[in-house]
Ligand code: PHB
């Protein structure tokens, strides 16, 4: 499917490098200066995180459309690549976009393991890179870099914010369960840090390979451990299977289930299995701010889908591209000026106000939400202005 046009001015990369899309090799950077800004979108468009990738990409495009379809006064060309949430292919995929396609901005990705390879390529090539979801701590920790920005969260943040609501509900012994990869382990760490600091006890931590959805063995263990609460990190299609299995195992009414992303973008598919679940994230569907009230109908009109945190992160990534490109009036070679503009920017987002910390990870509020009638509804602010510890980040 090389050269297949998608959406507005977009190209999807298939099995071959899409230099073919221009009828030959990509144009040298200088020759392109007067033409389109090339935005590489390296996201999962298939697999358990496919819906997350689609919402990020489409909301990013919506933000750019709201700028008249221009970045720094120049038209925009998207080069899309399905990373399949596969870390084994990630370095090659990122290189295809940065070296092969010479994108001006690299946007990616969702999966923390794939993100690690993108970070490596971004650091080697120096391309302006925006992480619109994956929360792996190294990206804004030991591997932080001036050209790397995260518009989403660190895995630690929403999990850490979840500890207090659990503890304050009088639940003192918790089991943690997740997929066995970076996001799962760092979510466990964030929850554990918060929960044990409050005096809670982690009874057991259970993991299964990503993206497996055979949860039975762990659910049997949870039933016999009989903790006060269960905290999980699952997302996307896997989250739908998990809530169904948790209910089918008879646990939903027996052991309170808490999470971060478990009910995000999946409530329609989850139905009764998610009703009433409490989660903590940097977004709630019914936040009353003006940006959110404008964003939700605009996203639905553009896509026919309901907005969620992934859409909000994609939208804010589009805004970040616009901020960077506007600061240099489209002269994307002036990276220091783009970085300074992003570091100074206060985002007025559907999630509420946020800004980049020195590590380039968002400082933002985290909300406790309850799943009710198809929406993740605001309950309270679980953690205000929460920053990631950003351990080991030294900006070069
Ligand atoms: C991640 O791999 O970092 C990740 C994936 C899906 C989410 C959140 C984090 O919803």
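Numbering (this note's numbering), first residue to last: 21 to 416.
Cβ atoms here follow ideal geometry from the backbone N, Cα and C, with glycine treated the same way.
Predicted model only: the values in this text are computed from it and were never measured.
- Runs of the beta strand (DSSP E) spanning 3 or more residues and lying entirely within the stretch 169-216 occur at 193-199, in chain order.
- Excluding the 5 residues flanking it on each side, residue 370 has same chain C-beta neighbours closer than 6 Å at 311, 312, 315 and 332, in chain order.
- Residues 174, 176, 177 and 381 of the same chain have their beta carbon placed closer than 6 Å to that of residue 408, with the five preceding and five following residues left out of the count.
- C-alpha of residue 377 to C-alpha of residue 268: approximately 42 Å in a straight line.
- Annotated three-state conformation of residue 396 is strand, per DSSP.
- Cβ contact annotation for residue 346 (same chain, cutoff 6 Å, sequence separation greater than five): 92, in chain order.
- Its Cα nearest to that of residue 79, the residue 323 stands out among 323, 383 and 68.
- The beta carbons of residue 57 and residue 94 sit closer together than 9 Å.
- Pairing residue 185 with residue 76 gives a Cβ-Cβ distance that is not under 9 Å.
- Residue pairing by DSSP places residue 102 opposite 63 in a beta bridge.
- In this structure residue 102 is not in contact with residue 134, their Cβ atoms being roughly 11 Å apart against a cut-off of 8 Å.
- Excluding sequence positions up to five before and after residue 249, its CB lies within less than 7 Å of the CB of 186, 191, 194, 275, 276 and 278, all in the same chain and listed in chain order.
- Between residue 241 and residue 228, the C-beta spacing is not below 9 Å.
- Relative to the ligand PHB, even the nearest heavy atom lies 8 Å or more away from the CB of residue 303.
- If you compare the alpha carbons of 196, 100 and 344 with that of residue 90, the shortest gap goes to 344.
- Annotated three-state conformation of residue 341 is helix, per DSSP.
- Considering only 234, 188, 136 and 232, the residue with the shortest C-alpha distance to residue 220 is 188.
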